[in-house]
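Following: one structure in structure tokens, then a few remarks.
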Amino acid sequence: MSVTKRWSVEILIGETNRKTYAEAQLYDENSNQLVGHGSAVVHPDEPRVPEVGDEIAVARALADLGNRLLVTAAGDLEDVLGTRVDLGR
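So for the sequence shown, the numbering used here puts the first residue at 1254; every next one is plus one.
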């Protein structure tokens, strides 16, 4: 029998002046949390398109979250194996 697990990612987006911030929060079934951060800045000479800033900031937050998850997994494996693990970022 296969087992299905559900993890959830919540994305929070904020903006101040011409900078957009995003936070990607990952929750597993045990309420453990891992957070990734990202941002985007509009250059003064560029037109302001809020959707693009949101997309860039969220993409960077998700990429950061993915890297943090790989680091966490490597640490967990190192604890079990007793040796350094490289998951090839």
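Backbone N, C-alpha and C define an ideal beta-carbon position, used for all residues, glycine too.
Computed from a predicted structure; not experimentally measured.
Assignment of beta-bridge partners to Lys1272 by DSSP yields Thr1269, Val1294. Around the CB of Val1311, 16 or more other CB atoms lie within 10 Å, so the residue is classed as buried.
In the DSSP assignment, Leu1322 falls within the unbroken alpha helix (DSSP H) covering 1303-1334.
DSSP places Gly1289 within a strand segment (E or B) once states are collapsed to three. Listed as beta-bridge partners of Ser1261 by DSSP are Tyr1280.
Less than 8 Å separates the beta-carbon of Ser1292 from that of Thr1273. Using a Cβ distance threshold of 8 Å, Gly1341 and Ala1314 do not count as a contacting pair. Under the Cβ criterion (8 Å, minimum of three pairs), the stretch 1318-1327 does not count as touching the stretch 1298-1310.
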